[in-house]
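Here is the structure we will look at, set down as structure tokens.
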Amino acid sequence: MTPRKLKNSVMGFLVAASAALLIAVLVVIVWHIFISGVKYLNWNFFTKAPAPMGESGGGVFNAIVGTFLITLVAAAIGTPFGMFAGIYVAEHRGRRFADVVRLCADALQGVPSIVIGIFGYTFLVVRFRSYSALSASVALAFMFVPTTTRVTEEVLNLVPSGLKEAAYALGARQSSVVWNVSIKTAAAGITSGLLTSMARIAGETAPLLFTAFGSRYVEWNMLRPMSALPLQIFIYAGSPYPALQQQAWSAAFVLVLLILLLQYSAKHLIARVLRVKA
Amino acid sequence: MVAQPSRSDQRELVRERIFTAAGVTAAVALVTTIVLFLLELFIASRASRAAFGLPFLWRSEWNPVTEKFGALPMIVGTLITGFGALLISTPFALGIAIFLADYADRKLAEPIKYLIGLLGGLPSVIFGLWGLFVLVPIVSKFEVWFGKLVGSEALVASGTTGVGLLAAILLLAIMILPFSASLILESLLVVPTELKEGALALGATKWDTIQNVELPYVQKSTVGALVLSLGRALGETMAVTMVIGNGMKMPTTLFDPANTLASAIANQFLEATSPVYVGSLIQLALILFVIAIIINIMARVILRRGVQQ
Amino acid sequence: MEEPVIVLETQKINAWFGKDQILFDVSARIPKNRVTAIMGPSGCGKTTFVRTLNRLHQMTPGARATGTVLLEGTDTSTMDVVDVRKHIGMVFQRPNPFPTMTVYENVLAGYVLTGQRLPRQKADQIVETTLRKVGLWSEVQSKLFKAGTSLSGGQQQRLCIARAIAMEPALVLFDEPTSALDPKSTSVIEELLSDLTTEYSIIFVTHGLQQAARVSDYVAFFMLGELVEFGETKRVFVGPQDKRTEDYLSGKYG
Chain A
1 MTPRKLKNSV MGFLVAASAA LLIAVLVVIV WHIFISGVKY LNWNFFTKAP APMGESGGGV
61 FNAIVGTFLI TLVAAAIGTP FGMFAGIYVA EHRGRRFADV VRLCADALQG VPSIVIGIFG
121 YTFLVVRFRS YSALSASVAL AFMFVPTTTR VTEEVLNLVP SGLKEAAYAL GARQSSVVWN
181 VSIKTAAAGI TSGLLTSMAR IAGETAPLLF TAFGSRYVEW NMLRPMSALP LQIFIYAGSP
241 YPALQQQAWS AAFVLVLLIL LLQYSAKHLI ARVLRVKA
Chain B
1 MVAQPSRSDQ RELVRERIFT AAGVTAAVAL VTTIVLFLLE LFIASRASRA AFGLPFLWRS
61 EWNPVTEKFG ALPMIVGTLI TGFGALLIST PFALGIAIFL ADYADRKLAE PIKYLIGLLG
121 GLPSVIFGLW GLFVLVPIVS KFEVWFGKLV GSEALVASGT TGVGLLAAIL LLAIMILPFS
181 ASLILESLLV VPTELKEGAL ALGATKWDTI QNVELPYVQK STVGALVLSL GRALGETMAV
241 TMVIGNGMKM PTTLFDPANT LASAIANQFL EATSPVYVGS LIQLALILFV IAIIINIMAR
301 VILRRGVQQ
Chain C
1 MEEPVIVLET QKINAWFGKD QILFDVSARI PKNRVTAIMG PSGCGKTTFV RTLNRLHQMT
61 PGARATGTVL LEGTDTSTMD VVDVRKHIGM VFQRPNPFPT MTVYENVLAG YVLTGQRLPR
121 QKADQIVETT LRKVGLWSEV QSKLFKAGTS LSGGQQQRLC IARAIAMEPA LVLFDEPTSA
181 LDPKSTSVIE ELLSDLTTEY SIIFVTHGLQ QAARVSDYVA FFMLGELVEF GETKRVFVGP
241 QDKRTEDYLS GKYG
């Protein structure tokens with residue numbers, strides 16, 4: 001075998017080995033979450049709030065509620081901003097300000113989550129003198145908007161120009177063309193992007209540390225401190241009680257399931273639903 | 001034919017105005033946000049800036065008790081973990097990307113790509129959980145063994161807990177691997193088939209083609225991808241926080257507990273009481289913010305030059 | 001010979017894409033309730049001319065046009081562009097029904113997109129009448145609530161014609177509407193045109209000489225951005241007055 005052929009085989013092997021390593025690491029991590037998490041998945045876990053200190057039992061219902069509320073409100077705040085910014089950038093393509101907007105969206109996307117959390121703290125928590133789920137949602141909205149803007153812009157640019165021209169030729173104004181033709185045609189892609197962004201912010205912890213702060217009680221009021229799954233995992237992981245550490249694994253399991261569900265919906269359900277309507 | 005605006009047309013005009021205003025508002029809000037962040041962080045850190053001034057950036061003492069703070073240990077921690085993670089993960093990221101682009105057939109590549117997406121989508125705190133309870137004990141065993149091997153009491157001592165720079169670097173490497181792998185894969189997939197076939201037709205082996213045709217083709221975008229991955233690593237918070245040990249002193253070895261800019265904030269903010277302490281932590285956030293923006297700009301410049309090729 | 005009633009008149013239309021001038025002083029008088037074909041070799045400015053009439057041309061970044069367009073006597077530059085387009089309809093080269101709308105909704109798209117709400121009965125009536133006018137009613141009656149894109153290519157194009165005439169425009173612009181269609185669909189649409197002229201005026205941009213001869217009452221011959229000759233089709237084809245027209249008709253430019 002010539003040296004070149006030897007090199008070819010060796011490199012081929014190394015390359016396959018890296019892929020195998022990646023899979024191995026993933027399997028190990030997911031396996032561990034599954035094995036450890038499943039141990040404490042009982043009815044109590046899903047429906048009860050944390051037990052008082054030192055007592056056993058209790059669950060993460062407070063965190064589940066919190067994740068739902070905080071994520072949904074963050075998406076509700078971020079979607080209009082993100083979509084309209086995306087529409088603006090798509091409709092004003094080539095103009096300098098649109099480029100600036102795109103740049104700022106990219107920059108915002110690169111801001112570390114802990115910085116967003118600190119901003120949420122100084123901007124909202126300090127100002128209103130209390131930790132609140134709402135300030136967490138606003139902080140998460142800052143992370144939700146850039147990805148929404150980018151997805152909206154990309155999907156709108158894919159709408160065939162022939163469709164837009166036909167609409168203009170019928171006498172439609174720009175807002176009508178964008179809303180009735182572009183957005184509707186791109187609806188599947190945009191919704192998918194929204195769900196994917198939601199999956200991402202549902203798993204964030206740092207922005208919640210100093211805004212939502214966490215709570216032992218099931219809380220429905222957005223103006224009060226609230227727990228959330230990632231936050232609860234962090235707190236339990238750092239606690240000295242093995243029972244709570246166990247709950248951290250189970251909460252992690254639940255969180256992963258939630259994220260997988262959102263990602264699955266983003267990929268499959270949306271396309272199916274929107275195709276059925278047509 | 002004289003144009004009298006009908007009722008419906010008047011409605012349309014109003015809708016048009018509102019729509020346009022919404023677009024402009026959202027666009028302006030986005031731009032203002034960046035400025036707002038900078039301002040807010042700057043103002044909120046004033047107690048610390050007043051106390052230490054610019055030397056805060058290179059002061060190496062971080063002592064909550066004496067209230068003397070300096071960012072250097074965190075900056076060092078950030079750079080070591082970031083570059084360390086990049087160093088370790090890059091060969092593997094390249095390997096995986098090349099494997100998926102050139103070796104795997106579709107039936108194998110699709111599931112692997114899905115798994116990569118899955119790993120990349122795992123929340124940081126879950127990596128931290130796994131890191132704390134699975135990786136750290138392993139690292140600890142290694143560190144104690146290594147310390148004994150080289151006969152260093154100090155190393156054995158700092159290695160017993162397992163938390164520290166080494167654990168953080170390894171965990172971070174695993175976390176940025178899916179990200180850099182998929183970016184590099186994307187750019188490899190753009191390499192025109194004709195180029196590859198041309199090389200193979202000349203008698204080159206598969207690896208020859210990869211090394212001499214594909215990799216040079218994606219050089220610029222790969223560097224861009226790596227810069228972006230570095231940015232990711234530098235901003236990573238939760239996982240690092242949970243395994244880096246919240247060290248206050250400047251780390252001397254990889255086994256020492258340490259802090260990155262992000263982990264220091266996450267670990268200490270809720271316990272910080274005095275304005276100087278809080279202000280110093282916020283200054284760390286400001287430094288982190290600026291670093292992130294700079295990396296973002298660098299990546300764009302590199303990628304734009306790559307596209308122009 | 002009687003002077004025909006004019007539905008649209010252009011006076012010295014000039015048009016540019018950036019620095020390139022496409023149209024040079026085009027002045028034409030389009031007769032009412034007739035089919036006026038616009039023919040000429042590729043790149044002669046036919047499509048650009050037609051797009052200046054409903055101001056689509058000006059929407060492209062860097063595009064510009066000067067000159068006057070009089071629609072039934074009114075200067076269109078004094079009108080809101082939205083009104084201009086309500087009175088001038090357009091059918092495009094590639095059929096482009098809206099994929100997110102049903103056949104029914106596509107016919108009424110002009111109303112929906114301009115915010116005009118129609119009572120259900122009136123809407124039903126417009127849909128049926130318009131689809132009958134384009135000969136689609138019997139074919140799609142059972143498919144009214146399927147997606148507009150579920151029809152065949154020829155049917156889609158007729159749907160687009162219906163969509164345009166549902167707005168009752170004075171003038172309809174057809175921009176090479178059959179070039180993406182098979183011969184059978186092409187002849188179906190060509191046969192429609194004379195029926196449509198009882199109510200509408202038509203400008204029909206065509207790539208082919210034979211099509212121009214088949215469908216039109218009047219013909220405008222463009223070359224290199226100039227309106228070279230205009231007149232009744234029979235007269236122009238039998239006895240062209242300009243040498244360039246003669247050359248084009250005899251196949252010199254292809």
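Protein chains in written order, with our numbering: chain A, 1 to 278; chain B, 1 to 309; chain C, 1 to 254.
Glycine is no exception: its CB is placed at the ideal position from the N, C-alpha and C atoms.
Keep in mind it's a predicted model, so treat the numbers as computed, not measured.
Within chain B, partners of residue i - CB distance below 9 Å
i	result
threonine 186 of chain C	Simply none; closest approach about 34 Å.
DSSP beta-bridge partners of residue i
i	result
serine 201 of chain C	C:Leu171
glycine 231 of chain C	C:Val219
glutamine 219 of chain B	Glutamine 219 of chain B pairs with nothing; no bridge assigned.
leucine 71 of chain C	C:Leu8, C:Thr74
asparagine 63 of chain B	B:Lys68
tryptophan 16 of chain C	C:Gln21, C:Arg64
alanine 147 of chain C	C:Thr102
arginine 55 of chain C	None, per the DSSP bridge assignment.
phenylalanine 213 of chain A	A:Met226
glutamate 226 of chain C	C:Met223
threonine 36 of chain C	C:Ile203, C:Tyr218
glycine 326 of chain C	Residue coverage of chain C in this structure runs from 1 to 254, which leaves residue 326 of chain C outside it and unanswerable.
alanine 19 of chain A	Paired residues: none, contrary to the question.
CB of residue i within 8 Å of CB of residue j, strictly
i	j	result
phenylalanine 61 of chain A	valine 218 of chain A	yes
alanine 255 of chain C	phenylalanine 92 of chain C	This structure cannot settle anything about residue 255 of chain C, because the visible part of chain C is limited to 1 through 254.
alanine 231 of chain B	glycine 58 of chain A	What sits at residue 231 of chain B in the sequence shown is glycine, not alanine. No, Cβ-Cβ distance for glycine 231 of chain B and glycine 58 of chain A is not below 8 Å.
alanine 85 of chain B	leucine 185 of chain B	no
proline 319 of chain C	glutamine 157 of chain C	Only positions 1 to 254 of chain C appear in the structure, and residue 319 of chain C is not among them; the question remains open.
alanine 15 of chain C	arginine 64 of chain C	yes
tyrosine 277 of chain B	proline 64 of chain B	yes
alanine 170 of chain C	serine 216 of chain C	no
glycine 78 of chain A	alanine 133 of chain A	no
proline 275 of chain B	alanine 26 of chain B	no
alanine 237 of chain A	alanine 266 of chain B	no
Per-residue contacts from residue i into chain C (C-beta, under 8 Å)
i	result
tyrosine 168 of chain A	Leu56, Met59, Arg85
glycine 90 of chain A	Sequence inspection shows alanine at residue 90 of chain A; the glycine mentioned does not correspond to that position. Residues of chain C passing the Cβ test: none, with the nearest at roughly 14 Å.
glycine 94 of chain A	Pro61
Short CB-CB distance (under 8 Å) between residue i and chain B
i	result
valine 101 of chain A	yes
glutamine 210 of chain C	no
Closer than 8 Å at the beta carbon, the chain B residues around residue i
i	result
threonine 114 of chain C	Ser8, Asp9, Glu12
Below-8 Å beta-carbon distance, residue i vs any chain C residue
i	result
arginine 272 of chain A	no
methionine 1 of chain B	Confidence at methionine 1 of chain B is low in this model, with a pLDDT of 48, below 50, so the placement of that residue should be treated as unreliable; the coordinate-derived value is given next. Yes, methionine 1 of chain B counts as interfacial toward chain C.
arginine 15 of chain B	yes
Partner residues on chain A for residue i, Cβ-Cβ distance less than 7 Å
i	result
valine 31 of chain B	Val100, Val101, Cys104
alanine 109 of chain C	Leu170
Listed by chain order, chain A residues near residue i by CB distance under 8 Å
i	result
tyrosine 103 of chain B	Gly12, Val15, Ala16
threonine 78 of chain B	Going along chain A, no residue has its Cβ under 8 Å from threonine 78 of chain B, so there is no contact; the nearest lies around 10 Å.
asparagine 14 of chain C	Simply none; closest approach about 22 Å.
Any C-beta of chain A under 8 Å from that of residue i
i	result
methionine 238 of chain B	yes
methionine 242 of chain B	yes
threonine 47 of chain C	no
proline 177 of chain C	no
methionine 167 of chain C	yes
glycine 224 of chain B	no
asparagine 96 of chain C	yes
glycine 265 of chain B	Checking the sequence shown, residue 265 of chain B turns out to be isoleucine, not glycine. So, interface residue.
Contacts that residue i makes with chain A (C-beta to C-beta distance below 9 Å)
i	result
phenylalanine 92 of chain C	Gly162, Glu165, Ala166, Ala169
Within chain C, partners of residue i - CB distance below 7 Å
i	result
arginine 173 of chain A	Val82
Neighbour list for residue i in chain C, Cβ cutoff strictly below 9 Å
i	result
serine 176 of chain A	Val112, Leu113, Thr114, Gly115
query: Do the segment 26 to 33 of chain B and the segment 175 to 193 of chain A meet, that is, are 3 or more Cβ pairs less than 8 Å apart?
result: no
query: Within the chosen definition, does the segment 129 to 147 of chain B reach the segment 72 to 83 of chain B through at least 3 CB pairs nearer than 8 Å?
result: no
- prompt: Are the segment 94 to 109 of chain A and the segment 41 to 54 of chain A touching by the rule of at least three beta carbon pairs closer than 8 Å?
  reply: Cβ pair count under 8 Å is below three, so no.
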